[in-house]
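A.B. asks: Starting off with a structure, shown below.
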Amino acid sequence: MDSIFAVFGLYVDWDVKSLLLFALVFILTADYIKNRRPASFPPGPRTFPVVGNMFSVDHKRTHESMTQLAGKYGDVYSLLMGQEWIVVLNGFEVLKEALVNQGDSLADRPPLPVLQDISHGLGLAFSSGHIWKQQRRFTLSTLKYFGFGKKSLEPIILDEFTHCSKDFHSYKGKAFNPNPSISNAVSNIICSLVFGHRFEYTDEKFRKMISCFEKALQSQATIWAQFYNSFPLLMRRLPGPHQTVFHVWNDVKDFIREEIKEHKQNWDPSDQKDYIDCYLNEIQTSKGQPDNTFDEENLVSCVLDLFVAGSETTSTTLCWAFLYLAKYPEIQAKVQAEIDRVIGQSRQPSMEDRANMPYTDAVIHEVQRMGNIVPLSVPHMTNKDVQLGGYTVPKGVTIIPNLTSVLYDKNEWETPFTFNPRHFLNEEGKFVKQAAFIPFSAGKRLCLGENLARMELFLFFTSLMQHFTFSMPVGVEPVMDSVFGVTLAPCHYEICATSR
Numbered sequence: 129m130d131s132i133f134a135v136f137g138l139y140v141d142w143d144v145k146s147l148l149l150f151a152l153v154f155i156l157t158a159d160y161i162k163n164r165r166p167a168s169f170p171p172g173p174r175t176f177p178v179v180g181n182m183f184s185v186d187h188k189r190t191h192e193s194m195t196q197l198a199g200k201y202g203d204v205y206s207l208l209m210g211q212e213w214i215v216v217l218n219g220f221e222v223l224k225e226a227l228v229n230q231g232d233s234l235a236d237r238p239p240l241p242v243l244q245d246i247s248h249g250l251g252l253a254f255s256s257g258h259i260w261k262q263q264r265r266f267t268l269s270t271l272k273y274f275g276f277g278k279k280s281l282e283p284i285i286l287d288e289f290t291h292c293s294k295d296f297h298s299y300k301g302k303a304f305n306p307n308p309s310i311s312n313a314v315s316n317i318i319c320s321l322v323f324g325h326r327f328e329y330t331d332e333k334f335r336k337m338i339s340c341f342e343k344a345l346q347s348q349a350t351i352w353a354q355f356y357n358s359f360p361l362l363m364r365r366l367p368g369p370h371q372t373v374f375h376v377w378n379d380v381k382d383f384i385r386e387e388i389k390e391h392k393q394n395w396d397p398s399d400q401k402d403y404i405d406c407y408l409n410e411i412q413t414s415k416g417q418p419d420n421t422f423d424e425e426n427l428v429s430c431v432l433d434l435f436v437a438g439s440e441t442t443s444t445t446l447c448w449a450f451l452y453l454a455k456y457p458e459i460q461a462k463v464q465a466e467i468d469r470v471i472g473q474s475r476q477p478s479m480e481d482r483a484n485m486p487y488t489d490a491v492i493h494e495v496q497r498m499g500n501i502v503p504l505s506v507p508h509m510t511n512k513d514v515q516l517g518g519y520t521v522p523k524g525v526t527i528i529p530n531l532t533s534v535l536y537d538k539n540e541w542e543t544p545f546t547f548n549p550r551h552f553l554n555e556e557g558k559f560v561k562q563a564a565f566i567p568f569s570a571g572k573r574l575c576l577g578e579n580l581a582r583m584e585l586f587l588f589f590t591s592l593m594q595h596f597t598f599s600m601p602v603g604v605e606p607v608m609d610s611v612f613g614v615t616l617a618p619c620h621y622e623i624c625a626t627s628r
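Residues 129 to 628 (our numbering) are what the sequence shown spells out, left to right.
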């Protein structure tokens, strides 16, 4: 009898093993059939079961990995991230063809789980279709009414500089981290437009909100976020670093909701002082209209997007500028000489001065190019089948415009990996804008805050150069390493700002 049970147990044991083996083979085969590259689809590295190409890129330097892959697979190639295909675009001509010439076909945002769980498809940055068009149209017209991109905004920017300057002066030439002061100053410009007031740099709630941006934008570009996008049902239920991004953005949203609550308590429809006042009025006047997208949750998302677009990129660019000027003091001296010649020390700069300051303008542009602030732009999605680089990309595929490949393209720049303001100057020393200079992306989804950013960069940069000379602490060399995230920021550093 014992021998019979032994044989039966052995049979059952092997039967279970066979079943597991069959299940494994079935899953791998099904995964291969489901996720093999379609005909005429862009090529790419070999995919692996379940994870695809998730480990084909270095997620700490994703922009560099994606640029290197273009050297092997071409300017248009594909990656399988978990269970979803993405197509990476590289080089100026390819990005121009996609984002400008076929911009309508790539105007949507992909419903990536991380982005959906943050924005719920609302706001300006990650919405698509009717919501995006209606919100963008209203936001642009409203902000222009309050001086967005116009000369009337200059006094607000220059007044904010005086607060930033006092903060810099308080260190009396000793080493300090410039990032908090610059972030506060730049964010206060968008605060003036959106909230109708600025915040003191000592305001703890304001400082906490600003610090949240950096943490969230870095978290959104980690491999944990990629796992979240690939396996959302599982990752939503698991603790880990990927949950940080949601906690951070919720804190920022709570800050915004408090401001909206205060606005509602004192709201006067006949006296609209800022963006929130105008939006609250639009909510009231649009009630009952077909296809209406105006409500308080959309307002929260729009304000959040305005803050990120209107503050984080500009402050990061200025932090790169200090490093490059400290690294190249001869360039800093030439900028200051031009400022002294055109503006002097007795008045503040104006946007009208930019035309007479080609070298300063060239340095600002070169900082943006080398800083490569948004290295992979923001993802797009095809809303119909398109032809890119001779390949067919079906509807619903995520598109990554690799801006790094354009800003460092050896075919477009004389010395792509060297800080060289002459990239933007002709032989006569006059400023020349290059077509391949697209730090704000291009096409239908061009950064909404571009005009504001350009104005802020020129006025803040010129004012800072007018009043300070920047250098590294004694015995310290500038470290040009960056921290990868949605934005590419310099590693935290300290610098000396000596009054001129």
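Every residue, glycine too, gets a C-beta built ideally from N, C-alpha and C.
Near asparagine 420, what residues of its chain come up, given a Cβ to Cβ distance below 8 Å and the 5 sequence neighbours on each side ignored?
C.D. replies: Taken in chain order, the residues that qualify are Ser414.
A.B. asks: According to DSSP, is leucine 208 helix, strand or coil?
C.D. replies: Correct three-state label for leucine 208: strand.
A.B. asks: Would you give the residue range spanned by the alpha helix (DSSP H) that serine 255 belongs to?
C.D. replies: Per DSSP, serine 255 belongs to no alpha helix (DSSP H) and is neither H nor E.
A.B. asks: Measuring only the C-alpha atoms, how far is serine 311 from glutamate 440?
C.D. replies: Those two C-alpha atoms are separated by around 7 Å.
A.B. asks: Taking 8 Å as the threshold, find out whether the stretch 494-508 comes into contact with the stretch 525-534 through three or more Cβ pairs.
C.D. replies: Enough Cβ pairs lie closer than 8 Å, so yes.
A.B. asks: What does threonine 520 pair with, by DSSP beta-bridge criteria?
C.D. replies: Its beta-bridge partners are Gln515.
A.B. asks: Reducing DSSP to helix, strand and coil, say where histidine 620 ends up.
C.D. replies: DSSP places histidine 620 in coil when its eight states are reduced to three.
A.B. asks: Does serine 398 come out as helix, strand or coil in the three-state DSSP assignment?
C.D. replies: Note: serine 398 maps to coil in three-state DSSP.
A.B. asks: Determine the closest residue to glutamate 584 out of Ile566, Thr445 and His187, with distance taken between C-alpha atoms.
C.D. replies: Per the Cα distances, Thr445.
A.B. asks: Starting from the C-beta of phenylalanine 559, find all residues in its chain whose C-beta is less than 7 Å away, skip the five residues before and the five after it, and write them out in chain order.
C.D. replies: So the list reads Pro486, Asp489, Ala490, Phe552 and Leu553, once near-sequence residues are dropped.
A.B. asks: Does DSSP put glycine 219 in a helix, in a strand, or in coil?
C.D. replies: In the structure shown, glycine 219 sits in coil (DSSP, three-state: anything other than H, G, I, E or B).
A.B. asks: Any idea what DSSP makes of isoleucine 501, helix, strand or coil?
C.D. replies: Reduced to three states, the DSSP call for isoleucine 501 is coil.
A.B. asks: Short check: CB of cysteine 340 to CB of alanine 617, under 9 Å?
C.D. replies: No, Cβ-Cβ distance for cysteine 340 and alanine 617 is not below 9 Å.
A.B. asks: Along the alpha helix (DSSP H) that carries phenylalanine 588, what are the first and last residues, could you check?
C.D. replies: Taken as a continuous stretch (DSSP letters only), the alpha helix (DSSP H) holding phenylalanine 588 covers 578-595.
A.B. asks: Please report the residue range of the beta strand (DSSP E) in which threonine 526 lies.
C.D. replies: Note, threonine 526: beta strand (DSSP E), 526-529.
A.B. asks: Run through the DSSP bridge pairs and tell me what leucine 553 is partnered with.
C.D. replies: The partner list for leucine 553 (beta bridge, DSSP) reads Phe559.
A.B. asks: Ordered along the chain, which non-local residues of its own chain (more than five positions away) have a Cβ less than 8 Å from that of valine 376?
C.D. replies: If we look at valine 376 and ignore the five residues flanking it on each side, its Cβ neighbours are Cys340, Lys343, Ala344 and Ser347.
A.B. asks: Below 8 Å on the Cβ atoms is my contact criterion, and I expect isoleucine 623 with proline 306 to pass it. Report the Cβ-Cβ distance as a whole number of Å.
C.D. replies: That belief holds up - the Cβ atoms of isoleucine 623 and proline 306 are roughly 6 Å apart, short of 8 Å.
A.B. asks: Do asparagine 426 and alanine 259 count as a contact pair if the criterion is CB distance below 9 Å?
C.D. replies: First, the amino acid is wrong: residue 259 is isoleucine here, not alanine. Going by C-beta atoms, isoleucine 259 is nearer than 9 Å to asparagine 426.
A.B. asks: Classify histidine 620 as buried or exposed, calling it buried when 16 or more other Cβ atoms lie within 10 Å of its own Cβ.
C.D. replies: Answer is exposed; the Cβ neighbour count stays below 16.
A.B. asks: Measuring straight from C-alpha to C-alpha, what distance separates tyrosine 139 and glycine 180?
C.D. replies: Because the pLDDT at tyrosine 139 is just 49, under 50, the model does not fix this residue reliably, and the point stays unresolved.
A.B. asks: In angstroms with no decimal places, state the Cα-to-Cα distance between proline 544 and isoleucine 388.
C.D. replies: Rounded to whole angstroms, proline 544 to isoleucine 388 spans 45 Å at the Cα level.
A.B. asks: At the level of alpha carbons, what is the spacing between valine 614 and lysine 200?
C.D. replies: Straight-line Cα distance between these residues: approximately 25 Å.
A.B. asks: Out of curiosity, what's the CA-to-CA distance linking proline 239 and glycine 524?
C.D. replies: Rounded to whole angstroms, proline 239 to glycine 524 spans 9 Å at the Cα level.
A.B. asks: Going by C-alpha distance, which of Lys188, Glu424, Thr195 and Phe586 is nearest arginine 482?
C.D. replies: The option with the nearest alpha carbon to arginine 482 is Phe586.
A.B. asks: Measure the alpha-carbon distance for leucine 362 versus isoleucine 214 and round it to whole angstroms.
C.D. replies: For leucine 362 and isoleucine 214, the distance between alpha carbons rounds to 21 Å.
A.B. asks: Within the continuous alpha helix (DSSP H) that includes asparagine 357, where are the two ends?
C.D. replies: First-last of the alpha helix (DSSP H) with asparagine 357: 351-358.
A.B. asks: For isoleucine 467 and threonine 590, what's the separation of their Cα atoms in angstroms?
C.D. replies: Between isoleucine 467 and threonine 590, the C-alpha separation is close to 7 Å.
A.B. asks: Within the continuous alpha helix (DSSP H) that includes tyrosine 201, where are the two ends?
C.D. replies: 190-201 is the span of the alpha helix (DSSP H), which, as asked, contains tyrosine 201.
A.B. asks: Less than 9 Å between the C-beta atoms of phenylalanine 612 and lysine 188, yes or no?
C.D. replies: A contact, by the Cβ cut-off of 9 Å.
A.B. asks: Exposed or buried, lysine 224, counting other C-beta atoms within 10 Å across all chains shown (16 or more means buried)?
C.D. replies: Classification for lysine 224: buried.
A.B. asks: Can at least three beta-carbon pairs, one atom from the stretch 395-413 and one from the stretch 268-281, be found at a separation below 8 Å?
C.D. replies: With a cut-off of 8 Å, the stretch 268-281 and the stretch 395-413 count as touching, because enough Cβ pairs lie within range.
A.B. asks: Which residue from Ala349, Ala353, Lys336 and Leu366 puts its Cα closest to that of valine 380?
C.D. replies: Considering only alpha carbons, the answer is Lys336.
A.B. asks: Going straight from the alpha carbon of serine 193 to that of threonine 350, what length do you get?
C.D. replies: Distance between the alpha carbons of serine 193 and threonine 350 is about 14 Å.
A.B. asks: Going by beta carbon distance, what residues of the same chain come within less than 7 Å of arginine 385, once the five residues before and after it are set aside?
C.D. replies: Same-chain partners within the cutoff: Val428.
A.B. asks: Does phenylalanine 304 come out as helix, strand or coil in the three-state DSSP assignment?
C.D. replies: DSSP places phenylalanine 304 in strand when its eight states are reduced to three.
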